[in-house]
Amino acid sequence: MDDPAAELTTNGVIVVPGFLAADRTAQLQRTVDDIYLHLDSLHQFPDRRFGDSFRGWRGVWLKLLPKVLRQERPDLEARYNALLQSIEADVTRLLGRGWHFFAKRSYFRRHIGVAKAVPWHIDADAAGLYRVAASVINVWLPLDSVGDHLPSLDVVPRSHTVMRQVPLLTGNDLYRGDEFASAIGPHRTPRLEPGDALIFDQFSLHRTQRTGAEKSMRTACEFRFIRWAMPTLQGLNGRSRYAWHVLSKDGFLAARAKTLLGR
Numbered sequence: 311m312d313d314p315a316a317e318l319t320t321n322g323v324i325v326v327p328g329f330l331a332a333d334r335t336a337q338l339q340r341t342v343d344d345i346y347l348h349l350d351s352l353h354q355f356p357d358r359r360f361g362d363s364f365r366g367w368r369g370v371w372l373k374l375l376p377k378v379l380r381q382e383r384p385d386l387e388a389r390y391n392a393l394l395q396s397i398e399a400d401v402t403r404l405l406g407r408g409w410h411f412f413a414k415r416s417y418f419r420r421h422i423g424v425a426k427a428v429p430w431h432i433d434a435d436a437a438g439l440y441r442v443a444a445s446v447i448n449v450w451l452p453l454d455s456v457g458d459h460l461p462s463l464d465v466v467p468r469s470h471t472v473m474r475q476v477p478l479l480t481g482n483d484l485y486r487g488d489e490f491a492s493a494i495g496p497h498r499t500p501r502l503e504p505g506d507a508l509i510f511d512q513f514s515l516h517r518t519q520r521t522g523a524e525k526s527m528r529t530a531c532e533f534r535f536i537r538w539a540m541p542t543l544q545g546l547n548g549r550s551r552y553a554w555h556v557l558s559k560d561g562f563l564a565a566r567a568k569t570l571l572g573r
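For the sequence shown, the working numbering assigns the number 573 to the last residue and increments by one with no breaks.
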């Protein structure tokens with residue numbers, strides 16, 4: 311790619327082969343494995359939400375991870391922090407200044423089998439990101455080979471431009487159906503090796519690829535980055551920005567009114 315930032319803006323998704331060099335990929339794999347081993351050994355966690363995500367879907371919430379590691383495994387915390395700093399620097403070199411790691415919505419995810427496959431969604435509403443910032447990306451780094459026997463992500467290129475005009479979902483059901491996604495455009499399923507990155511906009515439609523065996527295991531990093539220096543709604547706080555979207559001429563209330571009026 312001559313201009314990854316421009317391609318990300320245009321397509322809403324880019325694949326970056328060799329985003330991490332082989333040595334740092336191996337370091338990240340070992341560190342994440344050691345983190346899971348340590349967390350599996352704990353009988354309780356300092357925060358209920360951290361424990362719920364770990365027990366419920368093998369998710370490691372990175373906002374609280376340093377605190378959880380600090381008391382018993384400061385060496386592991388130091389390894390994690392060093393890797394995270396280098397990944398932040400890589401994102402800046404690739405996409406330009408202004409992007410900042412957002413731990414509050416970043417996770418390690420250990421996907422086991424097919425039962426936890428996530429349907430079509432966008433991070434803007436499913437992960438509550440649009441309440442936080444108008445410009446958010448997910449730097450998705452699988453730590454296993456994905457796209458064949460282990461699930462990658464299905465993504466719909468350029469769907470971010472369409473989805474920015476579609477009302478955000480609210481309530482408990484934050485997913486879209488197959489017909490909805492296929493009407494926007496064909497999806498791609500990148501084959502990725504450890505060290506490759508899939509980077510996509512918070513409004514890009516994506517889902518877990520439908521592959522894998524009952525006991526197959528795939529581990530991936532979901533590093534989300536935000537950019538504050540954006541015009542328009544970026545200066546609003548999350549609640550105001552969300553209300554603006556809901557009340558706008560293309561928002562939820564407008565769509566509801568058209569339905570009621572039969573337009």
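In this text, a Cβ means the ideal position worked out from N, Cα and C, and glycines have one as well.
Answer with buried or exposed for residue i, where buried requires no fewer than 16 other C-beta atoms within 10 angstroms of its C-beta.
i           : result
residue 497 : buried
residue 482 : exposed
residue 395 : exposed
residue 473 : buried
residue 448 : buried
residue 384 : exposed
residue 508 : buried
residue 324 : buried
residue 351 : exposed
Using alpha carbons as the reference points, say which of the options lies closest to residue i.
i           : options               : result
residue 506 : 518, 530 and 495      : 530
residue 534 : 443, 492, 457 and 453 : 443
residue 491 : 447, 429 and 508      : 429
residue 510 : 413, 459, 414 and 405 : 405
residue 339 : 441, 525 and 393      : 393
residue 398 : 436, 410 and 316      : 410
residue 441 : 478, 324, 382 and 350 : 478
residue 389 : 341, 433, 330 and 400 : 341
residue 335 : 451, 475 and 456      : 451
residue 435 : 427, 524 and 512      : 512
residue 455 : 427, 438, 439 and 502 : 502
Given residue i, which residues of its chain have a CB within under 7 Å of its CB, disregarding the five upstream and five downstream residues?
i           : result
residue 469 : 322, 494, 495, 514 and 515
residue 328 : 505 and 506
residue 365 : none
residue 378 : 355, 356 and 360
residue 532 : 416, 417, 419, 448 and 450
residue 500 : 325, 457, 462 and 508
residue 333 : none
Sorted by chain position, which residues of the same chain lie with C-beta nearer than 6 Å to residue i's C-beta, five sequence neighbours on each side aside?
i           : result
residue 374 : 357 and 360
residue 330 : 505
According to DSSP, what are the bridge partners of residue i?
i           : result
residue 418 : 370 and 531
residue 448 : 510 and 534
residue 411 : 535
residue 431 : 516
residue 324 : 509
residue 352 : Per DSSP, none; premise fails for residue 352.
Which same chain residues end up closer than 8 Å to residue i when comparing Cβ atoms and leaving out the 5 residues on each side of it in sequence?
i           : result
residue 380 : 387
residue 459 : 521, 522, 523 and 526
Check whether the segment 411-425 and the segment 484-494 are in contact - that is, three or more C-beta pairs closer than 8 Å.
no
Report yes or no: do three or more beta-carbon pairs, one from the segment 448-464 and one from the segment 520-530, lie closer than 8 Å?
With a cut-off of 8 Å, the segment 520-530 and the segment 448-464 count as touching, because enough Cβ pairs lie within range.
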